[in-house]
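Visitor: Quick one: the structure is below, questions incoming.
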Amino acid sequence: MNKTLKGAALAATAGLLLAACGGSSGGGGKSLTISSDLPLQGTNKDQNTEANNAMQLYLDQIGNKVTAKDGTVYSLNFKAYDDSTAAKGSWDDAQCAKNAQDHVANAAEIAVMGTFNSGCAKIIVPILNQDPNGPMLMVSNANTNPGLTKAWDPGEPQKYYPTGKRNYGRVIATDDFQGAGGAQFAAQDLKVKKCYVLDDNSTYGMGVAKAFADAAPGQGITVAGMEAYDPKQPNYSALFNKIKGIGGVDCIYVGATYDMNGGQIVKDKVGVLGDNQQVKLIVPDGFVGYSEFDNLPEAQGAYMTFSGLAADSLIKRGGKPASFNDAFQKKYGHSLQNSYSIYAVAALQVILAGIEASDGTRAGLTSAVLGGSGVTVPADISMLGKEIHLDPATGDTTAHDMTILTVSNNKEVTLKPWTVQ
Amino acid sequence: MTGHKAIEDRSNRRWAIGFTAVAVFLFVLYHWIVPNGPSWLHDFVQGWFSNANTNEMIVYIIMALGLNVVVGYAGLLDLGFVAFWAIGGYVAGWLMSSFLGNFKINIFGNPAPGLEMGIHVTFWWVLLAAGGFCAIWGIIIGAPTLRLKSDYLALVTLGFGEIIPQVFINGQDINGFNLSNGNQGITPIDPIRFFGFRNLGPFDLDYKFVIYAVICAGMVMVSLRLRQGRLGRAWLAIREDELAASMMGVPLMRTKLAAYAVGAFSGGLGGVVFATHINGIFAERFNFSISILILAMVVLGGMGNVWGVMVGAIVLSWINGIGLQQFGNTVNGAFNTNIDFPSFNFLIFGSLLILMMMFRREGFIPEARVRLVMHEHEDDNEEVH
């Protein structure tokens, strides 16, 4: 019995070792790997797994190959990296640094789609930038921190590009646009006059809240106060009682992600200040895609901004997003549920357009996308239903689209698209 | 007693030789064999034992060795050790970057071109500064806990571990002073100058490994020497029976504070090493689960035994960082399954802890004294029968 067990264990170990050694795709000249770098553990797991599935499906649809303008056909592989750890339950700085090393070390890898968190991008981008065969291109579907591409905090964005060449782009608008768009919507459609601005003290939350607070006075809104809340507090009644004491506050803007105790903030806001009809609640896209939030009675009537076009409105428009959603539903049994998945495919399309225009090297791809006049994904194949173009000088998308959503009957419903002025 | 010490010395020598041999082998592997070897070897090493992961492991070893002094040697339960990691990391952020832009100080530092503002001190001095600064903080938190034991002590250290990261998370505006840049963190950290002849860039992981291994070896040596000396014996006496130790003339206050200071010093070193490893410092990292992870390394490895703690740190950091994920990829690839292995991480940690507490409470490689204490009653029973 013991011998049998030992034999089985040896066979299993040998099998695993063989699989471990034989799994590589090799570094052939016409085989390229496009990777994703997203947190696949913790609260963002489901939406990022969906993004990976969407990217793989898109590559399958194009036959896992792309033809460059010089006629070279590149076969494509997809590799998903996880930048989170179970111990943290979210993105992990050490894991981001390790992934960056792996991206560079994997000779077949040509570009990265990601990251989800701007903090992680701040670690990875400088390493990819110094790739001896690069700079290596990274295009994000979700990073909204402005400092990655434009002057924001001291030293930004130059400190992320030690070689002086840009290697990072994104297909989603930045927080400054989202915050400003939120303020425009609040003034023009909701007609609010006095807002109190909260943030969760994160890179993202502070950025978007600051952008809202900066834009509000220009729209005729008085910012009654601005402060960070502690996401570890059990309740925020005292905070909202203080706001109630100010008097005349008719809107609360919460620059945060739902994970940062957003549920409690919303409950206490309604508990103290009244429902979202009396005192408007506006939240950024850090709350989008969380069914727990949508199901809260206190969330009904809340307004949400999304830095881009929402999945449901894109799908309803028909064309490429709708047909892709049908294929996704057929393969995975459900339709695309979060907008970042669609933007992940859009980022992938930018990378593919770059490969078409390049010589198939990392440096060539980066200069194709972020050099000269850049690349454009035509509207007829674009996952966003419109032309996608990154400004080669900054890497930012030239489209400043935003969507206004509201929570109604436990669902996120698109109210209207909003172009930030 | 002398015979026992000789056996212990021999054992330590064997372990030290083994540690050096492994370190040399890894450097040769990363520096020569992998870059010049076949692609399958490159892929295998990159997937299972990458240089970046090994460097991160060393950070965990340094941390675990520090906590071992507090928990393993002196028997003082510390649930907030991550605070020292944070303080050490931020000392590196303050002294090795352009963050404090109102200053322009350079003491043998290596600022990257265009980032000359701020304070730039050489890595080695920053190590000492961070270690010293953390040691002071170790004494500060140690002082009020001197009269506390077990659960109460754990609660105080837990509080400290929660407070310090919060200070850094909220520290972007303290009366107008930006202490930590909040959750945005501090990047980049100046490159390390490798023994005076080259600046280590992001891809010089093999040279960084040498530096980190040297620091780790230093910490191992300090741990072993302290353990064998008068202070180490005093720590053990306190751990076994505080009242008896006090009656025998062990100065409780000084001895306990020394344990906190030495442990915190190590935490500070680890913090600086980590900051240079990831080229930045972010407050979001320093949460309670990291303190627990380090504690689990000490407990599983073998409290009080330097080598056991190292093994615990290597195993758990490997599982957490790369092992489980890679194992999952391999199994899924081989058997065409879609099992999310990393999601079982805490199940594995938890099961491992339960099994260890049931069948091997003393850890993987226990200290001889701990093993004797743990099996004291079993031996008594055997004698009775």
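Residue numbers (our numbering), protein chains in the order written: chain S, 328 to 748; chain L, 754 to 1138. The C-beta atom is built at its ideal place from N, Cα and C for all residues, glycine as well.
Does any CB atom of chain L fall closer than 8 Å to the CB of Met465 (chain S)?
Guide: no
Visitor: Quick one: does Asn765 (chain L) have its CB under 8 Å from some CB of chain S?
Guide: no
Visitor: Report yes if the C-beta distance between Leu570 (chain S) and Ala510 (chain S) is below 8 Å; otherwise report no.
Guide: In the sequence as presented, Leu is not what sits at residue 570 (chain S); that position holds Ile. Going by C-beta atoms, Ile570 (chain S) is not nearer than 8 Å to Ala510 (chain S).
Visitor: Check the DSSP bridge columns for Phe947 (chain L) and list the partner residues they point to.
Guide: According to DSSP, Phe947 (chain L) bridges with L:Arg951.
Visitor: Just to make sure I have the definition right: I need the residues of chain L whose C-beta is within less than 7 Å of the C-beta of Gly398 (chain S). Which are they?
Guide: Result: empty, since nearest Cβ-Cβ is about 27 Å, beyond 7 Å.
Visitor: Restricting to Cα atoms, I'd like to know which of S:Phe633, S:Tyr617, S:Asn562 is closest to Ile592 (chain S).
Guide: S:Asn562
Visitor: Is the shortest distance between the beta-carbon of Glu809 (chain L) and the beta-carbons of chain S less than 8 Å?
Guide: yes
Visitor: Pro744 (chain S) lies in the beta strand (DSSP E); which residues open and close that run?
Guide: 738-746
Visitor: Look at Gly461 (chain S) and Thr693 (chain S) and say whether their C-beta atoms are less than 8 Å apart.
Guide: yes
Visitor: Gly790 (chain L) to Ala774 (chain L), Cα distance in whole Å?
Guide: 21 Å
Visitor: On the DSSP bridge list, what partners appear for Ile927 (chain L)?
Guide: L:Phe930
Visitor: Report the option in L:His795, L:Phe1035, L:Ala1049 whose CA atom is closest to the CA atom of Met816 (chain L).
Guide: L:Ala1049
Visitor: Less than 7 Å between the CB of Thr584 (chain S) and some heavy atom of the ligand ADP, yes or no?
Guide: Here there are no bound small molecules, and the ligand ADP is not part of this structure.
Visitor: If we call anything under 8 Å between Cβ atoms a contact, is Thr730 (chain S) one with Leu663 (chain S)?
Guide: no
Visitor: Using beta-carbon positions only, say whether Cys522 (chain S) and Ala513 (chain S) come within less than 8 Å of one another.
Guide: yes
Visitor: Between the segment 983-990 of chain L and the segment 846-859 of chain L, do at least 3 Cβ pairs fall closer than 8 Å?
Guide: no
Visitor: Would you say Ile945 (chain L) lies against chain S (beta-carbon separation less than 8 Å)?
Guide: no
Visitor: According to DSSP, simplified to helix, strand and coil, what is Met328 (chain S)?
Guide: The predicted model places Met328 (chain S) with a pLDDT of 40, which falls under 50 and marks its position as unreliable; any figure quoted below should be read in that light. Met328 (chain S) falls in the coil class under three-state DSSP.
Visitor: Distance, Cα to Cα, Phe778 (chain L) vs Asn804 (chain L)?
Guide: 12 Å
Visitor: By the three-class DSSP mapping on this structure, what secondary structure does Leu1125 (chain L) have?
Guide: helix
Visitor: I'd like the span of the alpha helix (DSSP H) that includes Thr476 (chain S), first residue to last.
Guide: Unbroken run through Thr476 (chain S): none, as it is neither H nor E.
Visitor: Name the chain L residues whose beta carbon is nearer than 7 Å to that of Thr530 (chain S)?
Guide: Asn936, Gln937
Visitor: Find the residues of chain L that neighbour Val431 (chain S), judging by a C-beta separation of less than 8 Å, and give them in chain order.
Guide: Phe956
Visitor: Taking Ile942 (chain L) and Asn863 (chain L) to be in contact with their CB atoms under 8 Å, please state how far apart those CB atoms are, rounded to whole angstroms.
Guide: Not quite, the Cβ-Cβ distance comes to about 10 Å (not below 8 Å), so this is no contact.
Visitor: Would you say Gln422 (chain S) and Gly846 (chain L) are within 8 Å of each other, going by their C-beta atoms?
Guide: no
Visitor: Name, going along the chain, the residues of the segment 513-539 of chain S whose beta-carbon falls closer than 9 Å to a beta-carbon of chain L.
Guide: Asp527, Asn528, Ser529, Thr530, Tyr531, Gly532, Met533, Gly534
Visitor: Any Cβ of chain L within less than 8 Å of the Cβ of Lys596 (chain S)?
Guide: no
Visitor: On the premise that Leu1010 (chain L) lies in contact with Ile968 (chain L), defined as a C-beta separation below 8 Å, what is that separation, rounded to the nearest angstrom?
Guide: 24 Å between Cβ atoms; not a contact.
Visitor: What is the DSSP secondary structure of His784 (chain L), counted as helix, strand or coil?
Guide: helix
Visitor: How should Leu345 (chain S) be labelled, buried or exposed, when 16 other C-beta atoms within 10 angstroms of its C-beta is the threshold for buried?
Guide: Confidence at Leu345 (chain S) is low in this model, with a pLDDT of 42, below 50, so the placement of that residue should be treated as unreliable; the coordinate-derived value is given next. Its Cβ having fewer than 16 others within 10 Å, Leu345 (chain S) is exposed.
Visitor: With Leu1010 (chain L) as the anchor, note down where its alpha helix (DSSP H) starts and where it stops.
Guide: For Leu1010 (chain L), the enclosing alpha helix (DSSP H) stretches over residues 1005-1031.
Visitor: Can the beta-carbon of Gly1016 (chain L) be found less than 8 Å from the beta-carbon of Val822 (chain L)?
Guide: yes
Visitor: Give me the Cα-Cα distance between Leu711 (chain S) and Leu641 (chain S), rounded to the nearest whole angstrom.
Guide: 7 Å
Visitor: Examine chain L for any beta-carbon lying closer than 8 Å to the beta-carbon of Ile454 (chain S), and answer yes or no.
Guide: yes
Visitor: Check each residue of the segment 361-394 of chain S: if its Cβ is closer than 9 Å to any Cβ of chain L, include it; give the result in chain order.
Guide: Residues of the segment 361-394 of chain S with a C-beta atom less than 9 Å from some C-beta of chain L are Leu367, Gln368, Lys372, Thr376, listed in chain order.
Visitor: Roughly how many angstroms lie between the CA atoms of Cys447 (chain S) and Asp410 (chain S), to the nearest whole one?
Guide: 8 Å
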